[in-house]
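Take 16 as the starting number for the sequence shown in our numbering and just add one per residue. For reference, the structure discussed in these notes is given below.
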Amino acid sequence: MSIKNQLHVMVVDDMATSRGLIIQALEWMGIRNIDFATDGNTAFQRLVAKPVHLVVSDFNMPGADGLALLEGLRRNRTTQRIGFILVTGVADPVVVRRGQELGMNNFIKKPFSPEGLKACIERVVGKL
16 MSIKNQLHVM VVDDMATSRG LIIQALEWMG IRNIDFATDG NTAFQRLVAK
66 PVHLVVSDFN MPGADGLALL EGLRRNRTTQ RIGFILVTGV ADPVVVRRGQ
116 ELGMNNFIKK PFSPEGLKAC IERVVGKL
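In structure tokens, the structure reads:
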């Protein structure tokens, strides 16, 4: 069984359009085990209760942004090993550096192609 059939991914984005584009790209890759949350706080609660293999999270969200979510995941024993990709509209070096300090596995800048997202994910989980 290939990794894409086993991989469980949570998409976290407050914008329905952006969230839909990420989910559509994941489905195009053949990933079928996809969940989503519309904010960092909800995502965190659900991930503690039921961890996934990979989180693809927007940076700019109300309440807990992507970095706050990442920090919470890394501090929690249940979620500290979840792969994490940050999606950002502006690859601000300060944001990227902070993400790296917190244990982000990779990041991708919007807009991105499905192929670009696939390459980004493969650098975290291996060949799909």
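Ideal Cβ positions, reconstructed from N, Cα and C, are used throughout, including at glycine.
Cutoff 7 Å; reference residue i; Cβ partners in own chain excluding five residues on either side
i	result
Thr93	Val63 and Pro66
Arg89	Gln95, Leu117 and Gly118
Between the CA atoms of residue j and residue i - distance to the nearest angstrom
i	j	result
Gln60	His23	16 Å
Val26	Gly118	18 Å
Glu42	Asp80	25 Å
Arg34	Asp28	5 Å
As assigned by DSSP and simplified to three states, the class of residue i
i	result
Lys124	strand
Thr103	strand
Ser17	coil
Residues that DSSP places opposite residue i in a beta bridge
i	result
Gly87	Note: Gly87 sits in no beta bridge, so no partner.
Gly98	Leu69
Met25	Asp50 and Val70
Requested in this report: Return the chain-ordered ranges of every alpha helix (DSSP H) run that is complete within the region 40-68 and spans a minimum of 4 residues.
Outcome: Correct list: 55-64.
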